[in-house]
Structures are given as C-alpha cells and as structure tokens.
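Protein chains in written order, with our numbering: chain A, 1 to 526; chain B, 527 to 832. Here is the structure we will look at.
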Amino acid sequence: MTFRRGIPGLTGLLLATSLLTSCQSRPRADLVICNGAEPQTLDPALVSGQLEGRICSALYEGLTRRDARGKSVPAAAEKWEISPDGKIYTFHLRPDLRWSNGEPVTSHDYRFSWLRALQPSTASPYAEILFGIQNAEAFHQGKLPADSVGLETPDLQTLRVRLTHPLPYFPSLTSFTTYLPVHQATVEKYGDRWTQPNSWVGNGPYRLLDWKINDRVSLEKNPSYHSPKRAQLQRIDALAVTRASTAFNLYSTGQADLLLDKGLVPSLMLPQLRGRSDFHPGPLLATYFYRFNVTRPPFQDVRVRRAFALAIDKESIIEKITRGNEPVAQALTPRGIADYNPPEGLPYDPTTAQGLLKLAGFPQGKGFPRVSLLYNKSELNEQIAVEIQAQWKQVLGVEVELRNQEWATYLRSLDELDFDIARSSWVGDYDDPNTFLDCFVTGRGNNRTGWSDPTYDSLLNRALAEPNAARRLKLLAEAETILVTQAFPIIPLYHFVGCLMFDPNRWAGLYPNLLDEHPFSEISPR
Amino acid sequence: MISFLLRRLLSSIPVALLVIVVCFLLVRLAPGSPFSSERALDPATQQMLESKYGLSGSLPEQSLRYLGNVLRGDLGDSLKFRGRTVLEIISQSLPRSLLLGSIAFLLALGLGVPLGAWAAARNGKTADKWLNGFALLTLSIPTFVLAPVAVLGFSFALPLLPPAGWGTPLQLVLPSICLALPFVGVCARLTRSGLLETIGADFIRTGRAKGVSEKTLILLHALRPAVLPLVAYAGPLAASILTGSLVIEEVFAIPGIGQFFVSGVMNRDVFLVSGVVLIYCLLLLFFNLIADWLTAILDPRIRLQS
Numbered sequence: 001m002t003f004r005r006g007i008p009g010l011t012g013l014l015l016a017t018s019l020l021t022s023c024q025s026r027p028r029a030d031l032v033i034c035n036g037a038e039p040q041t042l043d044p045a046l047v048s049g050q051l052e053g054r055i056c057s058a059l060y061e062g063l064t065r066r067d068a069r070g071k072s073v074p075a076a077a078e079k080w081e082i083s084p085d086g087k088i089y090t091f092h093l094r095p096d097l098r099w100s101n102g103e104p105v106t107s108h109d110y111r112f113s114w115l116r117a118l119q120p121s122t123a124s125p126y127a128e129i130l131f132g133i134q135n136a137e138a139f140h141q142g143k144l145p146a147d148s149v150g151l152e153t154p155d156l157q158t159l160r161v162r163l164t165h166p167l168p169y170f171p172s173l174t175s176f177t178t179y180l181p182v183h184q185a186t187v188e189k190y191g192d193r194w195t196q197p198n199s200w201v202g203n204g205p206y207r208l209l210d211w212k213i214n215d216r217v218s219l220e221k222n223p224s225y226h227s228p229k230r231a232q233l234q235r236i237d238a239l240a241v242t243r244a245s246t247a248f249n250l251y252s253t254g255q256a257d258l259l260l261d262k263g264l265v266p267s268l269m270l271p272q273l274r275g276r277s278d279f280h281p282g283p284l285l286a287t288y289f290y291r292f293n294v295t296r297p298p299f300q301d302v303r304v305r306r307a308f309a310l311a312i313d314k315e316s317i318i319e320k321i322t323r324g325n326e327p328v329a330q331a332l333t334p335r336g337i338a339d340y341n342p343p344e345g346l347p348y349d350p351t352t353a354q355g356l357l358k359l360a361g362f363p364q365g366k367g368f369p370r371v372s373l374l375y376n377k378s379e380l381n382e383q384i385a386v387e388i389q390a391q392w393k394q395v396l397g398v399e400v401e402l403r404n405q406e407w408a409t410y411l412r413s414l415d416e417l418d419f420d421i422a423r424s425s426w427v428g429d430y431d432d433p434n435t436f437l438d439c440f441v442t443g444r445g446n447n448r449t450g451w452s453d454p455t456y457d458s459l460l461n462r463a464l465a466e467p468n469a470a471r472r473l474k475l476l477a478e479a480e481t482i483l484v485t486q487a488f489p490i491i492p493l494y495h496f497v498g499c500l501m502f503d504p505n506r507w508a509g510l511y512p513n514l515l516d517e518h519p520f521s522e523i524s525p526r
Numbered sequence: 527m528i529s530f531l532l533r534r535l536l537s538s539i540p541v542a543l544l545v546i547v548v549c550f551l552l553v554r555l556a557p558g559s560p561f562s563s564e565r566a567l568d569p570a571t572q573q574m575l576e577s578k579y580g581l582s583g584s585l586p587e588q589s590l591r592y593l594g595n596v597l598r599g600d601l602g603d604s605l606k607f608r609g610r611t612v613l614e615i616i617s618q619s620l621p622r623s624l625l626l627g628s629i630a631f632l633l634a635l636g637l638g639v640p641l642g643a644w645a646a647a648r649n650g651k652t653a654d655k656w657l658n659g660f661a662l663l664t665l666s667i668p669t670f671v672l673a674p675v676a677v678l679g680f681s682f683a684l685p686l687l688p689p690a691g692w693g694t695p696l697q698l699v700l701p702s703i704c705l706a707l708p709f710v711g712v713c714a715r716l717t718r719s720g721l722l723e724t725i726g727a728d729f730i731r732t733g734r735a736k737g738v739s740e741k742t743l744i745l746l747h748a749l750r751p752a753v754l755p756l757v758a759y760a761g762p763l764a765a766s767i768l769t770g771s772l773v774i775e776e777v778f779a780i781p782g783i784g785q786f787f788v789s790g791v792m793n794r795d796v797f798l799v800s801g802v803v804l805i806y807c808l809l810l811l812f813f814n815l816i817a818d819w820l821t822a823i824l825d826p827r828i829r830l831q832s
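Here it is as structure tokens:
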C-alpha cells in the first residue's frame, strides 16, 4: 500500500525534475532565425546543404566571403595576385587571423583543410568543387599523393594555388563552404565529433556556443575574430523548424526575427504577404526543370523531346501553381550572372510541337508508347506534374502516367536512369554559368539523362581553357544554346524565387540576392 | 512476483533483438541509399561511406555485425547527422518526449477516468450524452487539425500561450493538451463502459442492499475492477505517448524523438531508425509488464504467470 501511494509522488518528483532539466529558460538571443531543418553537420568539408552553409559562414572564414548582397569580398586573404595565364593565384593572408582558441591561422591551415576535403576518407560530398586545383581530382581518386596537389605555402601568410585552367571565378569560389578552414589539431584529436560545442574551434566572426539536436544552434560573438565590429550581435539562435506554418507562427508572435527560406513561408499566404513591408522576395540562382532519359525510346528521338518541350505553357504553371512571380525558365542558367546572357530558349508553340510529333511518327499522339513522369513526393511537384500531364494530353494527344516516389527511391531511380521523364531542380553553387552547365557534360554524376554531345563537351572544355572572360562566357552561352534549343535533354520550367521575412525597421544588412547568401555577420539591429 | 517480473524481463530481450534486426533489414531492403542526395555522389565515396559505417557486405553479415554492436551497447552512428551517435541523439531527444508524454499521459488519465466515472454515474442522463459527444469529438479530430486550431485560438485570438518552441514551461501547455486530448476521450469511454458493466454486478447490488453509499460504492468497490480494460489499454498508450508524436513535434517545434521514426526511414538512416524502434519496443514491453502487474493487483482472481 505504501509503495502504491508512493507511485504518484515518485511520478510527480520525476516530472518536476524533468521539467527543471529539460526546460531551462534561457534569455532570448539577440537574433532568432528560423533556419529550416536540423543541420546534418557543421564540418565545412561535409556540408552539402544551404542551411548548414549559412551557419558555417558565421563560424569559419574563407579566403574570401560573401557580403550582404552576395558579392565576393576579401576576408582572410587581404589581397591576391593572379599570374598572366590566370592559372596561379597567390593569396596573402591578414596577419591578425586567430582561431577561436587564440592560435594563429596560417596558410598551412587552408592547405590542410582543402586537402582534407579532397581526401577520399573524408567522403566530402562536394570534393569536386576543388577539382579546379591542379592534380586535386587525381589526389581525390587516390592516383597521386597530397604533395602533388597545386597548393603551396611559401610562408605562414601566403598560399599559392595552381589551377588546371584559368578560373576567373576562383576567388569567389574560395568563400564556398567546402573551402572554409578547419583547425587541424582539433579535427585530429576529436575525429568525427570535433564539431560538438565543447571541442569545436573555428575562425569566423561567431563561435559555437551550443547545439541541441532538432532544437537550435546557438552562436556567440567570437572575441578572437580579427574585426570584432563585424559581428554586431552578442548571440544568435538558429532554430531547427521544418514546418512552414510553425516558422511563420514563431515569426508572427515575435519569437523569431527572421525567416530565411521560401520553404518557411506558407505558400498559401504568399498572395497576402506580397504587399507587406516585411516580405522580401528576390530571384535565386536555381532552376526547376524536367529531364528526359534519352537512352530509351521514344525520347531517344530529339524531335519527340522538342515536341514535349514546346507543348508546355510555362506561364500557366506560374500563374496557377507556384504563384510566387517566378521567372519563366527558357534556359537552364537564370538571368543575373554578371556579363552572361543565357540563350532565349524556345517559346510555347503547340503547332510546331504537333508537327514534330507527327514527323517522329506519332500524328496526334497515335501509337505513342506509354511513358511516365517521375517526381518525388511533394504537393508542388504533384500539382505541376498534373498540369503538364494535362497540357501534353491536350496539345500532343499523348498519355503520360504520373509516377510518385519518396525521396531516396526517387534519387535511386534518377541515378539508375529508371525513368522516362523526371522532375529535377538545380541550385547554383557559385555565380557562374559553369555551375549549371557542367552537370550535362558526358559522364558527369549529375547528368542523369544519358545525354552526351561531343560539341557540348568540347565547348565547355574550350571555355575552361579560355583566359579571356568575355570569350569564355560566349562559349558557355553557345553550349547552353545546344542544351535548351537543339538537344533538349532537359526542359527548364521556372527559376526559383526566394523570400526573406524580417522587419526592415528593426534589422539591417539583409538583401535578397541571387545566391541567397545572408551572412549572419552582416545582420545588425537598426 | 519477483520471479515473474524477472522471467518476463528476460523473455523481452530476444523479442527486442528480433524487432531491431527485422527493422534493420526492412530499412536496408528499401530502395535508395542513406548517402544519396540531389547532387550525385561518386561511387568511390559511396563505397567508402558504406564500409566506414559497416554497411558493406551481404545483408546477413551487416545484420550480424549490427546485432553484435547492439549487444555491446553500441547503437551505431547516425548516417544523416554526421558525427552524432544514435545513443547521443536518443539521449538528447528522449527526455523531452518523455516529459511531454508524461504530462499528456497524466492528463489523459487524470481527466478521462473522472469524466468516465461521472458519466457512468449519470448513465442515460443529459450529462452522460454530453460527455459521450465530447469523447467522440476528441477521438475524431485528428491531431493535425487540433494542433493548428489550438495555436490559432490560444496564441493568436487569445494571445496567452506561445505557438511553438521548447525551453519554458508555458511552451509545454498547448502541445501536452493536444497530445492528451484524443486519449482523454478513449479513457473516459473505457472507464464509463467498465463501470456500467460492474455497477450491474452482484457484489455491487449486495453492497447497495447493505446500505453502502453510492459514492463509496463506485469509488471504492466498482472502480477497481472497472478500470481493468483501461489498464490494459494504458500500457501501449504510455509507450506510444512517451515516444512522441510526429505531428505534435512538428507543429510545436518540439525537439523530441517522435520525428525520427519518420525522417529516419525517409533518410534510410538505418541505425537511427533501429535505435528509436528499440526504445519504443523496450518501453512497450515495460509498460505492458506494468499493466499486467497492475491488473493482478487490481483483480485478485488473476494470477501472474509467464
């Protein structure tokens, strides 16, 4: 009896203890951001997502960094020289660089970090972004030793990088997450667990204060950072919130100050939000497109692919479904990259489409084999697929079956070319058309269409070797013309638009930009 | 009694191990790789990762390796959250789900049982009908409707409570009520029907004839055997409510363990899924054991046997 009486008391005690330990009230951070899902890692060599990249750009500093408008500016490197052939970059580091533990940051740290990202055992998902460096690819494949990679450190403040080709965008590439430095002794001491708050060391304007799974990553001003004024907030909390309505509720009730992702703004509310002063939309360097499997009939025939591409009324998809004023995509590369004019692409042309299908042997779709359109499960993908299915039926008279798969299965189908048509999207990693066009070079892992065109490959190779920037962009535009007006392994549909939500009377240093870069160090209270 | 508990606990171990091996195999057999992403991974890196995490070799080999690790207390590393062990993820997330779940569990029983008893005492009267209606309503409104409506009501229309988040006791109020409410209805109905059945029994009639007051009759004599079905239901309920709910955790941004059941499968994060399933399985076995034990205490006719 005594024991049974004790049960409620014990339960009460347990509950009270859990309440105290689990609900430790913390003072609100100076800036609370809804950042999207739980970060998968904060190790720059392993990061592949944007939401992790955002936090990393506050925790680590590359040779260059992005400013509030997404422009690349000097950071750890105060200046650099480029050899006349454009293939050797000599970066000079600032003399006052310090890790968060007080140790100096040297050129060796950058060399170590880049080699680490390339090392096969690191299994970096973005190792290929370093392949512009001489012998980097061969080292990654285990064919050459680390010493052969084109990275030299003549002194502690100088890093010399030899490239395989002149890459005019290389300085801006060094702000990319994979190029961020890590502290060698910490990585070697703690292994996979070095990014935990008690072991972490970094060199960014903020340092890692706390990281609670599925809850938040807390950052605080890094006192060892060379320009303390750049970090204007004492503490920043990046919340892990995946549901748009939850993020929006937190924002609306003042528990969060900033929504950093279009996915965190409920799409049904977009029309109402459009007129509000705290709603900040802007185009992104990202494209939603469909890809054909060109290894299978009937899409082996370019006339069929072209007919399918011409039969889509892209405007109507934006008006009826996405509703975010997204720009129609006629080319794969979005507009806005400096000095690059993507090809015009082809307009909606049902008559030509019907003619082409007839030429291919399927007048009014008669005798057309049953094909399927693959997409990963999401409401938006489904709505777009249903709309396009109806358009193809109406214009071409063909039946297209919809095939819905969950994410991991869908990715496997893409990799194994187990589809006829598949929805896809691509987000540019850096502001150069190469970030899009390189995907479709023969044999690339991201090609996923089976398409191969020697002219396209050679144009891209020539562009790589071309030291003159204008001529290089012209070659890339020629290649893209093949992609979107002649060969059609893909149909670009629309370019994404990003939405930021913040009160412009309270926060400065946030601007919608093509790369969707919003460094925490640029954000300050008004 | 002690030998019964020990025997049951020992017989639970093979069940738990079988459950995680089946779970491991099911996730491994599902198409797709835990390491794939929209950006293609080169095959060498893929292979490297598979061997690093013990996912190379045939499926039986992998399962045996995993089982061996589990027996040594190593639940493996998460494949998606790099550098985190499954044990670490569970130890951070489970206490939050346990806290929220305990409050919801106590609410479900604390409200459901008295409401059921009250309705039974007023069998067929207006109060009973209202209560039945309420129970049906709480049962039939899905959580994904209830939770947003609660937020709309108590965070926006009446700005009394925070709409989401974790860290203060106030942030627990809405999620625990939303988690508990559907079960309040079930508990009330189970108590009511159990009581109605017992009230008609001979020993109650005898008690009444001997002049025992109605209140004592229901609370002291009838309630004890009447809650037996409820106790049987409360075992699995405790296990499921304590391991969190995907919808509640998502809507209220609760960093609990519930979402890993779904996201783990989606990501093919096989060790994480198997780990959370193991926790669920252990809680289920434990609470069923408690339920059996309580049943024997409540009803002396039932003997504990394994």
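Beta carbons: idealized from backbone N, C-alpha and C, even for Gly.
- With a threshold of 7 Å between beta carbons, Ala-779 of chain B makes contact with chain A.
- Any Cβ of chain A closer than 7 Å to the Cβ of Asp-568 of chain B would place that residue at the interface, and such an atom is present.
- Across the stretch 648-678 of chain B, CB contacts with chain A closer than 8 Å involve Pro-674 and Val-677, in sequence order along the chain.
- One Cα belongs to Ala-630 of chain B, the other to Leu-396 of chain A, and the distance between them is close to 57 Å.
- Counting C-beta pairs closer than 8 Å gives three or more between the stretch 375-392 of chain A and the stretch 309-322 of chain A, which meets the contact rule.
- Here the C-alpha atom of Asn-249 of chain A lies approximately 9 Å from the C-alpha atom of Ser-681 of chain B.
- Here DSSP, grouped into helix, strand and coil, assigns Phe-631 of chain B to helix.
- Any Cβ of chain A closer than 7 Å to the Cβ of Leu-555 of chain B would place that residue at the interface, and such an atom is absent.
- Below 8 Å, enough C-beta pairs join the stretch 75-87 of chain A and the stretch 163-180 of chain A to call them touching: three or more.
- Selection B:Thr-669, B:Phe-550 and B:Thr-821 evaluated against Val-791 of chain B yields B:Phe-550 as nearest (Cα-Cα).
- In the displayed model, Leu-798 of chain B falls within a helix according to three-state DSSP.
- Only those residues of the stretch 371-393 of chain A whose C-beta falls short of 7 Å from the nearest C-beta of chain B would be listed, and there are none.
- Residues of the stretch 210-221 of chain A with a Cβ closer than 7 Å to any Cβ of chain B, in chain order: Lys-212, Ile-213, Asn-214 and Asp-215.
- The DSSP-derived three-state label of Leu-46 of chain A is coil.
- Ala-329 of chain A carries a coil assignment under DSSP once its states are collapsed to helix, strand and coil.
- With the criterion set as a beta carbon lying under 7 Å from some beta carbon of chain B, the members of the stretch 170-202 of chain A are Asp-192, Arg-193 and Thr-195, in sequence order.
- Here the C-alpha atom of Leu-464 of chain A lies approximately 10 Å from the C-alpha atom of Asp-438 of chain A.
- At least one CB of chain B lies nearer than 7 Å to the CB of Val-241 of chain A.
- A straight-line Cα-Cα distance of about 51 Å links Ala-647 of chain B and Val-596 of chain B.
- Residues of the stretch 458-489 of chain A with a Cβ closer than 7 Å to any Cβ of chain B: none.
- In the DSSP assignment, Arg-66 of chain A falls within the unbroken beta strand (DSSP E) covering 64-66.
- For a Cβ distance threshold of 9 Å, residue set Pro-557, Gly-558, Ser-559 and Ser-562 of chain B lies close to Arg-412 of chain A, ordered along the chain.
- Here the stretch 359-378 of chain A makes contact with the stretch 399-416 of chain A; the two share three or more CB pairs at distances below 8 Å.
- Taking C-beta atoms as the reference points, Leu-696 of chain B and Leu-687 of chain B count as a pair closer than 7 Å.
- Selection B:Ser-702, B:Glu-614 and B:Ser-719 evaluated against Lys-212 of chain A yields B:Glu-614 as nearest (Cα-Cα).
- Val-484 of chain A is classed as buried because its beta carbon has at least 16 other beta carbons within 10 Å across all chains shown.
- Under the Cβ criterion (8 Å, minimum of three pairs), the stretch 771-789 of chain B does not count as touching the stretch 633-646 of chain B.
- Under the three-state reduction of DSSP, Gln-232 of chain A is assigned to coil, being neither helix nor strand.
- A direct Cα-to-Cα measurement between Gly-324 of chain A and Met-269 of chain A gives close to 10 Å.
- Boundaries of the beta strand (DSSP E) harbouring Phe-292 of chain A: 279-292, taken from the DSSP string.
- Taking 7 Å as the threshold, the shortest C-beta distance from Gly-691 of chain B to chain A falls below it.
- Our two residues, Ile-805 of chain B and Leu-151 of chain A, have alpha carbons roughly 49 Å apart in a direct line.
- Leu-620 of chain B and Val-757 of chain B have their alpha carbons spaced roughly 24 Å apart.
- Note on Met-501 of chain A: 16 or more other CB atoms within 10 angstroms of its CB, so buried under the neighbour-count rule.
- Shown here, Ile-82 of chain A sits in a strand according to DSSP, grouped into three states.
- Residue pairing of Asn-376 of chain A in beta bridges, as defined by DSSP: A:Gln-405.
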